[in-house]
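Okay, structure first, notes after.
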Amino acid sequence: MAIVERPLAIGAGDDAIETNDRPLGSVTRPKETGSWKDWLTTVDHKKIGIMYGVAAMFFFVIGGAEALLIRIQLATPNGTLLSPDVYNQVFTMHGVTMIFLVAMPMGAAFTNYLLPLQLGARDVAFPRLNALSFWVFLFGGLFLNSAWLFGGGADGGWFNYAPNSSVTFSPSHGIDFYALGLQITGVASLVGAINLITTALNMRPKGMTLMRMPIFTWMNLVVQFLLLFAVPVISIALFQLTFDRLFDANFFNTEAGADPLLWQHLFWIFGHPEVYILILPSFGIVSEVIPVFSRKPIFGYSFMVASGVAIGFMGWGVWAHHMFVSGIGPISVAAFSLSTMFIAVPTGVKILNWLATIWGGKLRFNTAMLFAVGVVSMFTIGGLSGVTHSVAPADTQQTDTYYIVAHFHYVIFGGTLLGFFSGFYFWWPKMFGYKLNEKLGKTNFWLQIVGFNVTFGPMHILGLQGMSRRIDTYDAGFGFERWNFVATVGAFIIALGIAFFFVNVAVSRNQWIKAGRPNPGPDPWDARSLEWMTASPTPVHNFDEEIVVESQDEFWHRKYGYDENHNVVRIATAAEVAQDGSNTNVHLPSPSYFPILLALSMPIISYGLIYSLWLCIPGGMLMVYSMVGWIFEHPDDPNAAHDHHDDGHDGDDHGALPDSGTELEAGDGDEELVAVGAGAVGETVASDVVETEATDG
Amino acid sequence: MTRFTPSMRKGVKFLALLTAMFVFAACAGDAELDTRSNLAGPEAQSIESFMRVLLWITYIVFAFVLAITVEAWRRFRIKGDDYEDDEFPAQIDHSKWEIVWTIVPALILVGVFVFTLGLHNQLNSSEENPISLVVGDGANVEWEPEIVVVGQQWWWEYQYHFGDVELTAQRIETLPDADITTATQMVIPVGTEIELEITSRDVIHSHWIPSLNGKRDAVPGRQSAPWKIQADEPGVFFGQCTEFCGLSHSRMRMQVIALPMAEFQEWVTAQMEGVELSPETAAYVADLAAGGTTAPEGTEQRAVDTFRTKCASCHVLDGVTNGIVSRPEEQLVSGAAPNLTHFGTRTTFAGGIVNVWDPDTGDFNRNQLGQWLRDPSSIKANFTEPVSEDDARLRGMPNLGLTAQEVDDLVGLLEMTGAPPTVDGDSEFLISETGVE
Amino acid sequence: MASTTVPEAAATVTHDDHGHEEHATSYGMSNNKMAMWLFLSSDCLLFGALISTFLLYRTNISDGTPFAEPADVFDIPFTSLSSFVLLMSSLTMVLALSAVKRDDARNGRIWLLTTAFLGMIFIGGQVYEFTIFSAEGLQYSTNTWTSAFFTLTGFHGVHVSVGILMLLGTVAGTRESGLGKEKSETVELVGLYWHFVDIVWVIIFTVIYLIPIG
Amino acid sequence: MSVTESPETHHDHDAHDDHPSDRSYVMIAIGLAILTAVEVLLFVIEDQIADTLGVGSVKIALILLMIVKFWIVGAYFMHLKFDNLILTKLFISGLVLAVAVYFIMLSAFEFNFWNDGLLDQGLPGGIS
Ligand code: HEA
Ligand code: HEA
Ligand code: CUA
Ligand SMILES: [Cu+2]
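Chains as they are written, first to last, in our numbering: chain A, 1 to 697; chain B, 1001 to 1437; chain C, 2001 to 2214; chain D, 3001 to 3128.
Shown next as structure tokens:
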């Protein structure tokens, strides 16, 4: 009943699968993966994860370049590199880019790639929606950054307080791009959250109870819940802002009696859970890396899970610590001060449990481990300065100074980003089939960690010396020169360190190719969780057969047992236990054009809202077209490599199964959901039009 | 030794250095905005003493975490890249330890919170301490020291209301005219707790004098929850707007000048009067105010004339703009421009970034004032364009296209508006350096 | 009842050589259904933000209008009627689902169309209310109250409209393939969405229209 | 979502037969209609009640009725009562979170749930 042409089943058609004795790796065999179109239409969670990572890296270079501009401007007093106007755009776009287009999608990259694998699932619950999330995010990010080409980026700071964000005070279109761009990326996060929660809750194989899920998966489940509930809050705030700016609503119009604190509350109700959205994936990575390289199980698994859940939960009750000086009443201030402080308790549990995991272990300090241990100490610095902010009276001196800038770079760079780098080094062989070079990796690490401390360490001092944030210059007389210069030097050391990462990727890849592409094996680190139980790079279908899970750290327990003295003994090698990825008879979800098309319609509509409502018409048509096409496209290409019913279906064992409508395996089900899912997406974007037409007229 | 050990060593040393850096952070500065040294107000001082404790807690916790990491690295790292099959350290029993490190931090934090509450209450309570002042025509008032602080892009206005005005209940637009209005510079009596009513006319700003107390946002449409400052010694205290407020946020500064009671009284008396002009010019102004159209004679009258035609639509200068109702709200988004009556008594202008009096020579800063009048944006970034096609209002001081002659005249006129306040006759002490360039 | 008959202990990804996958999941329900509920629970925060914004500005109506308080504006009998219509559409929705589950496609279709029709009446009522309001001087940009009110009810209206499209889409999309009981999950999901939109209105009706101020 | 839930537990598998019949759906709808009528009635006679019992009682009554209607639709029309408990948990977590968070937010605005909003009481900014 397809009313739209069925997409080509590249790489997943009969031929592609059945003529290969080894199914495709994710990116390693371009010859066999077919053309670049494959990437545009893929619904494979691994490819999507990798694309998330590449896109995030791309934006990281942009955001990093902006950071370097900031640092050059501030290296000396009365810097003149950037005009005040440009400076304001640069730091705003730096913040927005780094938070929404680097740290969040990088988390999504790891989650997408690893969450199904760690569960032992074949894909996420809704592969096409997954592709949609990615494209929506990418186009949203490009849209946001395209503001530079259309008269300048947003200039209101990343939290963009009203009423400075109104047309009167920011007449350029930068903030329209901000509002609509973040709206779009929000759609991506929301769709992703629904998808991944469903996956983690509902797609676990037999035996994989919640309390056997790896901590990485657990932390990301928490993250997805945070997204699920936080995104709508910022959505509304952004809608209100958009309506104020484009259609003369009065949400933040103080002349009409509006209260500007409304924006602050809504933003931070989202914003604080957001910071835990940024950090928890990294906590998850560290919790995977440290046990492997300590050769010990994680210390206190259930406490680690519980503290992660507790952080996620408490994160909802602390938002007003960003508003201690906004003039909310003293009782609120005291209450939020209290709640904020106590987040240090579950976070401390994590830090100390990691230390206890290391303690007494057999520590292999390779690059992944170095980065992970780096997180433990660097995040602690940031967390501790966070505790000094949580003391509301003290925060009245600190807030909006570089002391805050120091805090959040320590937690974000020292926590989130270092964690991601740890993850790169750790999972690279699983993703791409070769290890990254250790020597270059260590150079990367040391440059990064030294540069990072040289950059952001001095900012503590600057802040306490009274240097305000978001200032484009400072005078020589205030005593800020020395440390600002040091910080700038540090920023370039970081840049060098990160350059080493890129060099490392290129060099390692070349070495690997030169060496004839040796396979690192399924389990290069003697690791513990299920993603290591299949070939490297991960075959398209993930696992050859279903894994029945019997314990936490299932893979490890298949490799090792205990002798009568309760000493650990090896009972099997990784190669014996792991699956070789040779199964060719696995049902795969089929690629689709509609996710990318649907995603593409959103920036078009957004340009239309800003520049000319006429453009909304083709945008809207594209949206409707792709939604309809999506719904009527069979999620499974009948030509794809799989047998349905016809060969050897032993229905009796399984009870009476309905024919359709309840086909629950991956790739099967998003038909109905998208009617709603896409409806919701459409709604979010389209409703500004409908909305104002309904109300204006 | 594995090959990465030397770099590890370096790292450890580096981290130790880093810790040391933080510990000595406090010694780094004697800058005007420093939150930790040269504190002159009891609030700022209490915050700092608490901060010192807090920082020590963080140093200790961090040192602990770092020490364990380093010690673990020292003791437990293995050489080479691969494990022997029999190397399986046992896990420590965890429940007991987990309870320890749930409870210990919680106890520390309970302690911190108790002191936080105390300090919080101290900062948010206010005491009654009326002081008696002679205002206007020798009338004596009991003034409960309360100053209205109004932020706008990109300068601060301070209003002193000596009458019986309920400040907290009104929006800034509906407040009656203040008895004294200053810009950029708040003058307060020493040793007295001053209550601040902080608000804004356009976007959110934040008022911050680090030596005296923490900051408080100026939110349009809201009166801040009460905030206060107090200076225990005379002096000039710098401040900076700390909530991002647009283009010239970095150039939105202010000063508090704390004067001993007697000097404060003198200052008040002087501020309650208009500018002192020569009798002829005064008569000329009176004539103009009554609707006369006499042509100006001499520099002073020419300056008055220029001010009345070019400046008075936004600025007030008591004694010069008599008879003119200035309507800044028609020309400016913020709806306010500084009252220039006592321009000369200030130490800074242009949002606190340029000195009125040259700190080296003590002379009136004619050059920069002239520059400002010729082209304000060259000193402080402004939006030079109107808001939009249908809204012609501006943000910041426009370029009025004044001739060199007019600029000179105006500078001369502004120089007549007063001399900086003094403490024991020593005005130099109060002219602190500020400003770009 | 087929939709939930799932064998115990069935797992997700059985790919035995000859096997048909088990269509079963950890919680024994379809992914679609769980996803729908997740979406709805996330929508609670969406509407929560809109409702709180309205509450914050709810007395701020006098600015630029001849009204002193919201009670002067609302036409309660009219709104009660349209609320009633929406509530009854929930009934027709469950009846549709129940018919589809009985494999009674004909009645299923009728009830679905009735539901959509009732939804349209509700939307019509809302459009009418908006027209009246704007004729009385309550435009979108008049004051904070109007902005908040129109945005809240407008968002709800958009939700209802999307629901109507989904209902009509379900009817249209099953013309060829039939609305047999294998489609009951589709109908169920549409129904969940529809009922949610209904309960949001239950809240809006009480909190915005009925609860007196003062 | 409970941590202890194992994937194998499927709670209400045999509960399906308890699904309400069409007849009971109609009865439920009638009940809802009656509740709505009571709500409107309360609104109409609000002044009388307010005189004797205070405005607060009208509000409490209306809110209680709202909750009951909400619950009925959720439990029966949306099947929460008969479906797997996990769905109820997921939905309730969003609902409760929304109510709690926005309640706290409005309280921080000194929004008084039992009296007016704050904006007509002069300037915002105060103690809570
Ligand atoms: C990854 C992101 C991330 C994380 C994880 C955190 C974690 C924390 N943050 Fe941070 N924060 C940000 C990102 C983050 N923050 C950002 C981006 C901003 C600024 C936004 C802006 O203004 O632009 C900000 C701003 C910010 C403020 C507002 C400052 C201001 O503007 O005035 C406050 C105030 O309380 C705060 C507090 C905290 C606290 C208490 C934690 C806690 O979770 C930290 C807990 C961790 C520890 C405490 C360390 C480990 C614990 C132990 C070893 C146990 C022993 C400890 C003790 C006994 C104390 N943060
Ligand atoms: C994920 C979050 C994240 C990350 C990773 C960073 C990374 C960095 N940040 Fe940023 N920052 C924020 C989030 C982040 N920041 C936020 C939210 C704000 C607040 C904004 C606001 O106030 O609104 C902020 C604000 C902020 C300020 C304050 C601006 C102000 O208040 O005026 C400064 C100042 O130094 C700064 C510096 C840096 C530096 C030097 C880095 C470095 O670590 C960057 C290192 C990366 C690179 C250098 C890129 C590497 C690229 C290459 C190696 C390729 C080479 C390419 C070229 C040189 C073109 N950041
Ligand atoms: Cu005013 Cu920043
Ligand atoms: Cu926070």
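Each residue gets a CB set at the ideal place from its N, CA and C atoms; glycine is no exception.
**Prompt:** Over what stretch of residues does the beta strand (DSSP E) that includes residue 1126 of chain B continue unbroken?
**Reply:** Taking the second sequence and counting its residues from 1, one reaches residue 1126 of chain B at position 126. Neither: residue 1126 of chain B is in no beta strand (DSSP E) and is coded neither H nor E.
**Asked** Is residue 2062 of chain C helix, strand or coil by DSSP?
**Response** Stepping through the third sequence from its first residue, residue 2062 of chain C is reached at position 62. Residue state, collapsed to three classes: coil.
**Pocket of ligand 3 (residues with CB nearer than 7 Å to any heavy atom), chain order** = Chain-ordered, the residues whose CB falls short of 7 Å from any heavy atom of ligand 3 come out as B:1151, B:1153, B:1154, B:1205, B:1206, B:1241, B:1242, B:1243, B:1244, B:1245, B:1249, B:1252.
**Request:** Establish whether the CB of residue 223 of chain A and some CB of chain C are separated by less than 8 Å.
**Result:** For this step, residue 223 of chain A is matched to residue 223 along the first sequence. So no, residue 223 of chain A is outside the interface.
**Request:** With DSSP collapsed to three states, give me the class of residue 1308 of chain B.
**Result:** As a first step, residue 1308 of chain B is located in the second sequence; it is residue number 308 there, counting from the start. In the structure shown, residue 1308 of chain B sits in a helix (DSSP, three-state: H, G or I).
**Prompt:** Skipping 5 residues on each side, what residues in its chain have a beta carbon closer than 8 Å to that of residue 1040 of chain B?
**Reply:** Numbered from its first residue, the second sequence carries residue 1040 of chain B at position 40. Answer for residue 1040 of chain B: 1211, 1212, 1231, 1232, 1233, 1235, 1237, 1258, listed in chain order.
**Prompt:** How would the residue list near ligand 1 read, in chain order, if you kept each one whose beta-carbon is closer than 5 Å to any heavy atom?
**Reply:** Taking a cut-off of 5 Å from the heavy atoms of ligand 1, the residues with a C-beta inside it are A:275, A:278, A:279, A:321, A:322, A:340, A:343, A:344, A:347, A:348, A:351, A:380, A:383, A:386, A:387, A:389, A:390, A:395, A:399, A:404, A:408, A:411, A:412, B:1061, B:1105, B:1108.
**Request:** Please report the Cβ distance between residue 2034 of chain C and residue 3087 of chain D, rounded to the nearest whole angstrom; I am assuming they are in contact, meaning their Cβ atoms lie under 8 Å.
**Result:** As a position in the third sequence, residue 2034 of chain C is number 34, starting the count at 1. As a position in the fourth sequence, residue 3087 of chain D is number 87, starting the count at 1. That belief holds up - the Cβ atoms of residue 2034 of chain C and residue 3087 of chain D are roughly 7 Å apart, short of 8 Å.
**Asked** Under 9 Å Cβ-Cβ, which residues of chain D neighbour residue 551 of chain A?
**Response** Indexing the first sequence from 1 puts residue 551 of chain A at position 551. What residue 551 of chain A touches in chain D: nothing, since even the nearest Cβ is about 13 Å away.
**Asked** How big is the Cα-Cα spacing for residue 242 of chain A and residue 1247 of chain B?
**Response** Locating residue 242 of chain A in the first sequence gives position 242, counting from the first residue. Locating residue 1247 of chain B in the second sequence gives position 247, counting from the first residue. It is roughly 21 Å from the alpha-carbon of residue 242 of chain A to the alpha-carbon of residue 1247 of chain B.
**Same chain only: Cβ atoms within 8 Å of residue 2085 of chain C, ignoring 5 sequence neighbours per side** = Start at 1 with the first residue of the third sequence, and residue 2085 of chain C comes out as number 85. Result list for residue 2085 of chain C: 2118, 2121, 2122, 2125, in chain order.
**Prompt:** Residue ranges of each alpha helix (DSSP H) run of no fewer than 4 residues wholly in the segment 230–304 of chain A, ordered along the chain?
**Reply:** 261–294, all fully within the segment 230–304 of chain A.
**Asked** Any heavy atom of ligand 4 closer than 7 Å to the Cβ of residue 318 of chain A?
**Response** Locating residue 318 of chain A in the first sequence gives position 318, where the first residue counts as 1. Checking every heavy atom of ligand 4 against the Cβ of residue 318 of chain A, one is found closer than 7 Å.
**Request:** Examine chain A for any beta-carbon lying closer than 8 Å to the beta-carbon of residue 3074 of chain D, and answer yes or no.
**Result:** In the fourth sequence, the residue the question calls residue 3074 of chain D occupies position 74. It does not: the Cβ of residue 3074 of chain D has no partner Cβ on chain A nearer than 8 Å.
**Message:** Can you tell me where the beta strand (DSSP E) holding residue 1156 of chain B begins and where it ends?
**Reply:** Residue numbering aside, residue 1156 of chain B sits at position 156 when the second sequence is read from its first letter. Counted as a single uninterrupted DSSP element, the beta strand (DSSP E) harbouring residue 1156 of chain B occupies residues 1155–1160.
**Request:** Run the CB neighbour count on residue 426 of chain A, radius 10 Å, all protein chains shown included, and call it buried at 16 or more, exposed below.
**Result:** In the first sequence, the residue the question calls residue 426 of chain A occupies position 426. By the neighbour-count rule (16 or more Cβ atoms within 10 Å), residue 426 of chain A is buried.
**Request:** State the Cα-Cα distance for the pair residue 2016 of chain C and residue 2183 of chain C, rounded to the nearest angstrom.
**Result:** Counting from 1 along the third sequence, the entry for residue 2016 of chain C is found at position 16. Counting from 1 along the third sequence, the entry for residue 2183 of chain C is found at position 183. Caution is warranted here: a pLDDT of 33 is assigned to residue 2016 of chain C, below 50, making its placement in the model unreliable, and the coordinate value is therefore given only provisionally. Answer to the nearest angstrom: the Cα atoms are 28 Å apart.
**Cut-off 6 Å between Cβ atoms - residues of its own chain near residue 1422 of chain B, not counting five sequence neighbours on either side** = Here residue 1422 of chain B refers to the residue found at position 422 of the second sequence. Closer than 6 Å at the Cβ level, and outside the excluded window around residue 1422 of chain B, lies no residue.
**Request:** Give the DSSP bridge partners of residue 2271 of chain C, in chain order.
**Result:** Since the first residue shown for chain C is 2001 and the last is 2214, residue 2271 of chain C is missing from the structure and cannot be characterised.
**Asked** Of the residues A:265, A:363, A:361, A:364, which one's Cα is nearest the Cα of residue 318 of chain A?
**Response** As a working mapping, residue 318 of chain A is identified with position 318 in the first sequence. Nearest option by C-alpha distance: A:265.
**Prompt:** Sorted by chain position, which residues of the same chain lie with C-beta nearer than 6 Å to residue 488 of chain A's C-beta, five sequence neighbours on each side aside?
**Reply:** Here the question's residue 488 of chain A lines up with position 488 in the first sequence. Taking C-beta separations shorter than 6 Å and ignoring five residues to either side along the sequence, the partners of residue 488 of chain A in its chain run 71, 75, following chain order.
**Asked** From B:1064, B:1280, B:1214, pick the residue whose C-alpha is nearest to that of residue 1300 of chain B; which is it?
**Response** The residue you call residue 1300 of chain B lines up with position 300 of the second sequence. Closest by alpha carbon: B:1280.
**Asked** So which residues of chain B does residue 90 of chain A contact, with C-beta pairs closer than 7 Å?
**Response** Counting from 1 along the first sequence, the entry for residue 90 of chain A is found at position 90. Chain-ordered listing is empty here: chain B has no CB closer than 7 Å to the CB of residue 90 of chain A, the nearest sitting near 13 Å.
**Request:** Please confirm whether residue 2031 of chain C and residue 126 of chain A have their CB atoms less than 8 Å apart.
**Result:** Taking the third sequence and counting its residues from 1, the one referred to as residue 2031 of chain C is at position 31. Taking the first sequence and counting its residues from 1, the one referred to as residue 126 of chain A is at position 126. The Cβ atoms of residue 2031 of chain C and residue 126 of chain A lie closer than 8 Å to each other.
**Prompt:** beta strand (DSSP E) containing residue 1149 of chain B: first to last residue?
**Reply:** Counting from 1 along the second sequence, the entry for residue 1149 of chain B is found at position 149. Element bounds for residue 1149 of chain B: 1146–1152.
**Message:** So if DSSP puts residue 1140 of chain B in a beta bridge, which residue, or which two residues, is it bridged to?
**Reply:** Working through the second sequence from its first residue, we reach residue 1140 of chain B at position 140. Residue pairing by DSSP places residue 1140 of chain B opposite B:1134 in a beta bridge.
**Request:** Give a yes or no on whether the minimum CB-CB distance between residue 247 of chain A and chain C is below 8 Å.
**Result:** Reading the first sequence from its first residue, position 247 is the one you call residue 247 of chain A. Yes, its Cβ sits closer than 8 Å to a Cβ of chain C.
**Asked** Roughly how many whole angstroms lie between the Cα atoms of residue 565 of chain A and residue 556 of chain A?
**Response** Indexing the first sequence from 1 puts residue 565 of chain A at position 565. Indexing the first sequence from 1 puts residue 556 of chain A at position 556. Note on geometry: alpha-carbon atoms of residue 565 of chain A and residue 556 of chain A lie some 19 Å from one another.
**Asked** Do the segment 387–394 of chain A and the segment 434–448 of chain A meet, that is, are 3 or more Cβ pairs less than 8 Å apart?
**Response** Taking 8 Å as the limit for Cβ pairs, the verdict is that the segment 434–448 of chain A does not touch the segment 387–394 of chain A.
**Message:** If distances are taken between C-alpha atoms only, which option among A:584, A:373, A:193 comes closest to residue 422 of chain A?
**Reply:** Mapped onto the first sequence, residue 422 of chain A falls at position 422. Comparing Cα-Cα distances from residue 422 of chain A to each of A:584, A:373, A:193, the minimum goes to A:373.
**Request:** Confirm the yes/no value for this check: CB of residue 74 of chain A, any heavy atom of ligand 2, distance under 7 Å.
**Result:** Locating residue 74 of chain A in the first sequence gives position 74, counting from the first residue. True, at least one ligand heavy atom lies under 7 Å from that Cβ.
**Request:** Report the residue from A:538, A:590, A:337 whose alpha carbon sits nearest the alpha carbon of residue 519 of chain A.
**Result:** Locating residue 519 of chain A in the first sequence gives position 519, where the first residue counts as 1. Among A:538, A:590, A:337, the Cα nearest to that of residue 519 of chain A is on A:538.
**Message:** For residue 1159 of chain B, count the other beta carbons within 10 Å of its own beta carbon; 16 or more makes it buried, fewer makes it exposed. Which is it?
**Reply:** Taking the first residue of the second sequence as 1, we reach residue 1159 of chain B at position 159. It is buried - the Cβ of residue 1159 of chain B has at least 16 other Cβ atoms within 10 Å.
**Message:** Quick check on residue 705 of chain A: buried or exposed, where buried means 16 or more other Cβ atoms within 10 Å of its Cβ?
**Reply:** The question about residue 705 of chain A has no answer here: the residues shown for chain A are numbered 1 through 697.
**Message:** I need the DSSP call for residue 1090 of chain B, collapsed to helix, strand or coil.
**Reply:** The residue labelled residue 1090 of chain B in the question sits at position 90 within the second sequence. Correct three-state label for residue 1090 of chain B: coil.
**Request:** Flag residue 392 of chain A as yes if its beta-carbon sits less than 8 Å from any beta-carbon of chain D, otherwise no.
**Result:** Walking along the first sequence from the start, residue 392 of chain A turns up at place 392. Not flagged as an interface residue toward chain D: residue 392 of chain A, since no C-beta distance is shorter than 8 Å.
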